[in-house]
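Asks:
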Amino acid sequence: MNTIRAWFTKTGEASYISHLDLQRVMGRAMRRSKLPVWYSKGFNPHIYMTFALPLPLGQESLVESVDFKSEAEDFDFEAMAQTLTDALPRGIDVKKIYFVDTDAGKIASAKYQVRIPGNWTKALEQYNSLEKAMVEKKTKRGTKPLNLKEHIAQVEYWQRDSETCFTLTLPAGSSGLNLNPSLLLQYLETAYGLPASVAQVLRVAIYLEGGEKFLK
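Residue numbers (my numbering): 4 to 219.
(1) Hey, quick one: how far does the alpha helix (DSSP H) through residue 28 stretch, first residue to last?
(2) Over the uninterrupted beta strand (DSSP E) stretch that includes residue 52, give me the two end residues.
(3) Exposed or buried, what is residue 19 when buried is set at 16 or more other beta-carbons lying within 10 Å of its beta-carbon?
(4) Where does residue 12 fall in DSSP's three states?
(5) The ligand SAM and residue 6: does any heavy atom of the ligand fall closer than 8 Å to the residue's C-beta?
(6) For residue 17, name the three-state secondary structure that DSSP assigns.
(7) Which one or two residues does DSSP pair with residue 80 in a beta bridge?
(8) So residue 76 and residue 41 are supposed to be a Cβ contact under 8 Å. How far apart are they, rounded?
(9) Grab me the residues of residue 45's own chain with a C-beta within less than 6 Å of its C-beta, minus the 5 sequence neighbours each way, in chain order.
(10) So, with DSSP's three-state summary, where would you put residue 131?
(11) If residue 122 and residue 167 are in contact, beta carbons under 8 Å, what's the gap, nearest whole angstrom?
(12) By DSSP, does residue 59 sit in helix, in strand, or in coil?
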């Protein structure tokens, strides 16, 4: 039994496919493309699939992945990637398929690029000068207070044409704290009127403990 990883993008209109729907979409695409995937046994056989770090609705990513199993012995990964892409909706493109070589359980952080129409440099300057920036973070048991400045001490930003841009590297992974840019955007909206709903968020990298890239 081999465990195989498909690295794919999720951009444009595909960013509005929820994680639950993505599971269905990927399963249908794997069946349609006739990939040599392994099905579970029992009354209702299904494809074994594991996704790393599901995205919130509306956010884009260049670094999504799904792991699946196969009992096949010979693989043409390049052909599999193209066939699977052809069976997927627009905005979901498979960049690479390969044998799993990194452990998703060791994911430690993720990097995001954020773009917001308008000039919001003053708001970000004010955020950078704060000692505390308290928000309410949702958890499985409700909500808890979180000081963003403990995790995002400073925001490096720049102005490009008619939009404000910045990057964030945030803690992520199943074993620790998971933060998303939406927490900072919501704080900036409440404190300074920044229009969080029109911000474009793109995940560009996922890192393991020690800084190694999860997808490569």
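Note that the Cβ used here is the ideal one computed from N, Cα and C, for glycine as well.
Replies: Once the coordinates are examined:
(1) For residue 28, the uninterrupted alpha helix (DSSP H) run begins and ends at 22–35, by DSSP.
(2) Run containing residue 52: 52–54, per the beta strand (DSSP E) assignment.
(3) It counts as exposed.
(4) Here residue 12 sits in strand by DSSP.
(5) Of ligands this structure carries none, so the ligand SAM is not represented either.
(6) Residue 17 falls in the helix class under three-state DSSP.
(7) Answer is none; residue 80 lacks a bridge partner.
(8) 13 Å between Cβ atoms; not a contact.
(9) Result list for residue 45: empty, nothing under 6 Å.
(10) Helix at residue 131.
(11) Cβ-Cβ separation between residue 122 and residue 167: approximately 6 Å, consistent with a contact (criterion under 8 Å).
(12) The answer is coil: DSSP assigns residue 59 none of H, G, I, E or B.
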